[in-house]
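Colleague: The structure under discussion is supplied below as structure tokens; questions concerning it will follow.
Number of protein chains: 2
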Amino acid sequence: MAAERSGGGDPARTLALLWRTPAEPKPVGRKPKVSVDQIVTAAIAVADREGLGAMSMARVAQELGVGTMSLYTHVPGKGELIDLMADTVLQERDLAAEGTWRERVKHYADRTRAVYQAHPWMRDVSMVRPPLGPGLMDGQEFVLAALADSGLEPRQVTVAHVAVEGFVHGAAASEVDDQQLAAATGESGDSWWGARQVFWDDYFDVERYPAMTALWNAGAYDTEGTLADNMRSSFDYGLDKLLDGIEGGMR
Amino acid sequence: MAAERSGGGDPARTLALLWRTPAEPKPVGRKPKVSVDQIVTAAIAVADREGLGAMSMARVAQELGVGTMSLYTHVPGKGELIDLMADTVLQERDLAAEGTWRERVKHYADRTRAVYQAHPWMRDVSMVRPPLGPGLMDGQEFVLAALADSGLEPRQVTVAHVAVEGFVHGAAASEVDDQQLAAATGESGDSWWGARQVFWDDYFDVERYPAMTALWNAGAYDTEGTLADNMRSSFDYGLDKLLDGIEGGMR
DNA sequence: TATTGTTTCCGTATGGCCTACGGAAATGGG
DNA sequence: CCCATTTCCGTAGGCCATACGGAAACAATA
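Note that the protein sequences, when read in sequence, are chains A and B. Under the working numbering, think of the first position of the first sequence as 8, with each following residue one higher. Under the working numbering, think of the first position of the second sequence as 8, with each following residue one higher.
Here it is as structure tokens:
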């Protein structure tokens, strides 16, 4: 399937849901069996356990013990529900750190990474047209405040922000991708690569790939950790180098 | 839908397809109406036009004027077809550049970016368990050769490689995400943001978001270009800073 | 030409998905 | 009791991947 799309529908309705604008009390009419919060919570639970692909309207309704179509009374559609899910888990970040601007940016990256770890389906949510809710906005404010304290010019802050934001979400997503695939297919990344040993035996050509061969012979791939360990250290390394570059560009 | 998954199935069969290992000629039996190449080409054409979500087996078969099930004679399943599509478009990169190691890495980033631009559905293809075909491998060889010339220690080359590869694919993906959404929904990114003007009017709180407000007042968001232009310069900026950091770390 | 072995083609069927529509059911006030 | 209002949800239409097995095409042989 292609990536889950959100951000559709009527902006006013979606924003009201994201910010939980309390509709004026309606003392008249049948009592609701479920609330928006319950729907979002149930949807997150399903996606956490079985992935975003398994998060169907029918599945969520079943989880709550109501009919499928009942959900549409509270939520305009699946796209908007995904918006609500994403903003909700982004609110789980605890962004109240002190320290230098670098420490704060790294804290932000760490907390965001934790969200992806806890909710691997975030990999499948596009962030180019993000849910403009409190979860996203609080995060933006936090990073921008940190970058603004770095001494960069205002215009540079916004450019650096896009780069940092892109790196953090991208790295967290690809790190989590492995786990998500492991859960979905029942095969770990290490085992997947192991099963592709045939490739090195039957297809790899040392003459076509001299640089890779040289690195291999130099022991560059003799790592002790698992695939997940390596992806974790690459995340930290890449962010460090990016911040080094941003810092260096200020001089 | 969640991200399209590939890399499943029997490794030996998939590798044989990726490297087009010619099965021994079969002069006996009914003549095939379609070839693997035709199927892959048709699938890419559909995905280019209508996105990976529209690339169904039925749709591809229709494109070729054959029955849906005929495809399964030549390709094990949809996952493997996506593997073949991805490796095929990665082969479109022309990676024969001269220059310093930095110039070559930037050339690689530029060519990879071009692939995503031409085939936006690549955003939806996971690269954590990549198709081990010539398209992917030639790219890896090219970057590793460049990084190995930078003077980094072998072990450091592999770490930097993961960071660069992650950045390039991540940035190209999010850049293209916007265009893909524009094509799928018929609404451009600029127009989408315009429709969310309500947010700034009704929900944005200057006291809750002082850093954003200050940047706004400083004119940091007074850009003349389109959203696409800004994403493009962020791509270049981020890669530059990342390479600065890698270079600086060698000292 | 008729037969046989081999390969490809593809119709059918199963079980899933989202959501438009409209009627039934519940609730509080008069 | 009646009625306005709100929520609940069954049905139905049109998508999807792919397992299965028989029909059809072709080359070599008799």
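For glycine and all other residues, C-beta sits at the position ideal for the given N, C-alpha and C.
Would you please state the rounded distance, in angstroms, between the beta carbons of D261 (chain A) and V135 (chain B)? I believe it to be under 8 Å.
Modeller: Since the displayed chain A opens at 8 and closes at 258, residue 261 (chain A) lies outside it and no answer follows.
Colleague: Just checking: is the beta-carbon of W26 (chain A) within a distance shorter than 8 Å of some beta-carbon in chain B?
Modeller: For W26 (chain A), the answer is yes, since a Cβ of chain B falls inside 8 Å of its Cβ.
Colleague: Relative to the C-alpha of G300 (chain B), which candidate in B:W108, B:V150, B:A23 has its C-alpha closest?
Modeller: It is not possible to answer for residue 300 (chain B), since the shown part of chain B is limited to 8 through 258.
Colleague: Taking only beta-carbon positions, decide if E148 (chain B) is within less than 8 Å of chain A.
Modeller: By this cut-off, E148 (chain B) is an interface position.
Colleague: In this structure, how does DSSP classify G110 (chain B) when only helix, strand and coil are distinguished?
Modeller: According to the sequence provided, residue 110 (chain B) is Glu. The question's Gly does not apply to it. E110 (chain B): helix per DSSP, three-state reduction.
Colleague: Taking DSSP as the reference, what is the three-state secondary structure of A103 (chain B)?
Modeller: DSSP places A103 (chain B) in coil when its eight states are reduced to three.
Colleague: Based on Cα-Cα distance, which residue from B:S240, B:L151, B:P217, B:W200 lies nearest to A170 (chain B)?
Modeller: A170 (chain B) has its Cα closest to that of B:L151, out of B:S240, B:L151, B:P217, B:W200.
Colleague: Against chain A, does Y210 (chain B) count as a neighbour if the rule is that its beta carbon must be under 8 Å from one of theirs?
Modeller: Interface residue, yes.
Colleague: Exposed or buried, E231 (chain A), counting other C-beta atoms within 10 Å across all chains shown (16 or more means buried)?
Modeller: Exposed, since its Cβ has fewer than 16 Cβ neighbours within 10 Å.
Colleague: Does the structure place the stretch 126-135 of chain B close enough to the stretch 173-183 of chain B that three or more beta carbon pairs sit under 8 Å?
Modeller: Counting Cβ pairs under 8 Å, three or more are found: they touch.
Colleague: How about A202 (chain A) and S195 (chain A): do their beta carbons lie closer than 8 Å?
Modeller: No, the Cβ-Cβ distance between A202 (chain A) and S195 (chain A) is not below 8 Å.
Colleague: Using 8 Å as the limit for Cβ to Cβ distance, is P138 (chain B) near chain A?
Modeller: With 8 Å as the cut-off, P138 (chain B) does not count as an interface residue toward chain A.
Colleague: Determine the DSSP secondary structure at Q163 (chain B), reduced to helix, strand or coil.
Modeller: Residue state, collapsed to three classes: helix.
Colleague: What number of angstroms, rounded off, separates the C-alpha of M76 (chain A) from the C-alpha of A23 (chain A)?
Modeller: Each residue's alpha carbon lies about 21 Å from the other.
Colleague: Between the stretch 40-63 of chain B and chain A, which residues of the former have CB atoms less than 8 Å from a CB of the latter, in chain order?
Modeller: Hits within the stretch, in order: G58, L59, G60.
Colleague: Look at L91 (chain B) and L25 (chain B) and say whether their C-beta atoms are less than 8 Å apart.
Modeller: Yes; because the gap between Cβ atoms is below 8 Å, this pair is in contact.
Colleague: Start and end of the alpha helix (DSSP H) containing S198 (chain B)?
Modeller: Run containing S198 (chain B): 196-202, per the alpha helix (DSSP H) assignment.
Colleague: In three-state DSSP terms, what is S157 (chain A)?
Modeller: Coil.
Colleague: To test your reading of the DSSP string, which unbroken alpha helix (DSSP H) runs of 4 or more residues are found completely within the stretch 208-238 of chain A?
Modeller: DSSP runs (the alpha helix (DSSP H)) wholly in the stretch 208-238 of chain A: 217-224.
Colleague: In whole angstroms, what is the alpha-carbon distance linking N237 (chain A) and T165 (chain B)?
Modeller: About 10 Å.
Colleague: How many Å lie between D197 (chain B) and R56 (chain A) at the Cα?
Modeller: So the two alpha carbons sit approximately 36 Å from each other.
Colleague: Near L102 (chain A), what residues of its chain come up, given a Cβ to Cβ distance below 8 Å and the 5 sequence neighbours on each side ignored?
Modeller: Within the same chain, L102 (chain A) has close Cβ partners H114, Y115, R118, D145, G146, F149.
Colleague: Output needed in chain order: residues of the stretch 162-180 of chain A with a Cβ under 7 Å from some Cβ in chain B.
Modeller: Flagged, chain order: R162, V164, T165, V166, V169, A170, G173, F174, G177, A178.
Colleague: With DSSP as the reference, label S181 (chain A) as helix, strand or coil.
Modeller: The answer is helix: DSSP assigns S181 (chain A) an H, G or I state.
Colleague: Specify the secondary structure class of V96 (chain A) as computed by DSSP and reduced to three states.
Modeller: Correct three-state label for V96 (chain A): helix.
Colleague: Where does L25 (chain A) sit, in a helix, a strand or coil, going by DSSP?
Modeller: In this structure, L25 (chain A) counts as helix in the three-state DSSP scheme.
Colleague: For the alpha helix (DSSP H) holding V53 (chain A), just list the boundary residues, first then last.
Modeller: Per DSSP, V53 (chain A) belongs to the alpha helix (DSSP H) from 43-57.
Colleague: DSSP three-state label for L139 (chain A), please.
Modeller: Coil, per DSSP.
Colleague: Please list, in chain order, the residues of the stretch 236-254 of chain B that have any C-beta partner in chain A closer than 8 Å.
Modeller: Within the stretch 236-254 of chain B, the qualifying residues are N237, M238, S240, S241, Y244, G245, D247, K248, L249, L250, D251, G252, I253.
Colleague: DSSP state of K38 (chain B), grouped into three classes?
Modeller: K38 (chain B) falls in the coil class under three-state DSSP.
Colleague: Mind checking D251 (chain A): buried by the 16 CB within 10 Å criterion, or exposed?
Modeller: D251 (chain A) is buried by the Cβ-count criterion.
Colleague: Can you name the residues of chain B whose CB is closer than 8 Å to the CB of A155 (chain A)?
Modeller: Here the neighbours are A218, A221, L222.
Colleague: Can you tell me which of A:S42, A:G106, A:N224, A:V213 puts its alpha carbon nearest to the alpha carbon of H81 (chain A)?
Modeller: Per the Cα distances, A:S42.
Colleague: Give a yes or no on whether 8 Å exceeds the smallest Cβ distance from G193 (chain A) to chain B.
Modeller: So no, G193 (chain A) is outside the interface.
Colleague: Between A153 (chain A) and R111 (chain A), which are expected to be in contact by the criterion C-beta below 8 Å, what is the C-beta distance as a whole number of angstroms?
Modeller: That pair is a contact at about 4 Å.
Colleague: Going by C-alpha distance, which of A:L143, A:R20, A:Y79 is nearest A93 (chain A)?
Modeller: It is A:L143 whose Cα lies nearest to the Cα of A93 (chain A).
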